[in-house]
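Q:
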Amino acid sequence: GAGVSQSPSNKVTEKGKDVELRCDPISGHTALYWYRQSLGQGLEFLIYFQGNSAPDKSGLPSDRFSAERTGGSVSTLTIQRTQQEDSAVYLCASSPGPSNEQFFGPGTRLTVL
Amino acid sequence: EDQVTQSPEALRLQEGESSSLNCSYTVSGLRGLFWYRQDPGKGPEFLFTLYSAGEEKEKERLKATLTKKESFLHITAPKPEDSATYLCAVQAANNAGNMLTFGGGTRLMVKP
Numbered sequence: 261g262a263g264v265s266q267s268p269s270n271k272v273t274e275k276g277k278d279v280e281l282r283c284d285p286i287s288g289h290t291a292l293y294w295y296r297q298s299l300g301q302g303l304e305f306l307i308y309f310q311g312n313s314a315p316d317k318s319g320l321p322s323d324r325f326s327a328e329r330t331g332g333s334v335s336t337l338t339i340q341r342t343q344q345e346d347s348a349v350y351l352c353a354s355s356p357g358p359s360n361e362q363f364f365g366p367g368t369r370l371t372v373l
Numbered sequence: 659e660d661q662v663t664q665s666p667e668a669l670r671l672q673e674g675e676s677s678s679l680n681c682s683y684t685v686s687g688l689r690g691l692f693w694y695r696q697d698p699g700k701g702p703e704f705l706f707t708l709y710s711a712g713e714e715k716e717k718e719r720l721k722a723t724l725t726k727k728e729s730f731l732h733i734t735a736p737k738p739e740d741s742a743t744y745l746c747a748v749q750a751a752n753n754a755g756n757m758l759t760f761g762g763g764t765r766l767m768v769k770p
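Protein chains in written order, with the numbering used here: chain C, 261 to 373; chain P, 659 to 770.
(1) Whose CA, out of P:K769, P:R765 and P:K727, lies closest to the CA of P698 of chain P?
(2) Figure out for me which residue from C:C352, C:R341 and C:A348 has the closest Cα to the Cα of E328 of chain C.
(3) For A291 of chain C, return the contacting residues in chain P, with the cut-off set at a CB-CB distance below 8 Å.
(4) Based on Cα-Cα distance, which residue from P:H732, P:P702 and P:G674 lies nearest to E716 of chain P?
(5) Below 8 Å between beta carbons: does that hold for A722 of chain P and L745 of chain P?
(6) Does any residue of chain C bring its CB to less than 8 Å from the CB of K717 of chain P?
(7) Starting from S335 of chain C, find everything on chain P with Cβ-Cβ shorter than 8 Å and list it in chain order.
(8) Residues in its own chain within less than 6 Å of G311 of chain C by CB, not counting five upstream and five downstream?
(9) Hey, is G701 of chain P's beta-carbon within less than 8 Å of any beta-carbon in chain C?
(10) Under 8 Å between C-beta atoms, does Q362 of chain C make it to chain P?
(11) If you draw a straight line from the C-alpha of N355 of chain C to the C-alpha of K275 of chain C, how long is it?
(12) R689 of chain P CB to nearest chain C CB: under 8 Å?
(13) With a Cβ-Cβ cutoff of 8 Å, do V349 of chain C and T371 of chain C count as a contact?
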């Protein structure tokens, strides 16, 4: 079956511009996560959605970052007024439930010039 | 605060040379410990979940074990195609967000 998909695969933007990153989770998975992977930083948690519950935003680094999940499926991560330190690979993962293993997409590589 | 430390950071092996990767963790109640494999330019690929001390899981040349403080990923007679970065992550029992806390990874290179 289809895995987690993300788009675009690469995004180059100028400092100060807004960007939107998309994630399509595995069909039927109720939990969806966003992580960020930076050189030398490893994978860090950003935000978590579970069903219709309010999202856990505890990992978002600043109020320039936001995310939504429409209809319990597709999710969009938005970064406003991008900064060079936002350059990283943004990974989305989904799982059948909150305590199950998480399956990752291929990521979106964001470069802020 | 949950912490995960992986060692070594990088490991070079000859084909057929068995070895182990270490993952030490500190967590306020473990819900699960996860191992992933990540190839360059790709997302992490799920390998194993371990839930309690003493548990072991195997897949082909890989075997993962768990104690109360660390996990090992044993690689038996590795092949060049096993070259990748191996990531360890923990999920805390009191973690309402169910997010994973990752270690820095071990980059494994297997030479033919």
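Think of the CB as a built atom: it goes at the ideal place given N, C-alpha and C, for glycine as much as any other residue.
A: Judging by the given coordinates:
(1) P:R765
(2) C:C352
(3) N756
(4) P:H732
(5) no
(6) no
(7) Chain P residues near S335 of chain C: none, gap ~15 Å exceeds 8 Å.
(8) T290
(9) yes
(10) yes
(11) Contrary to the premise, residue 355 of chain C reads as Ser rather than Asn in this sequence. The alpha-carbon atoms of S355 of chain C and K275 of chain C are separated by roughly 33 Å.
(12) yes
(13) no
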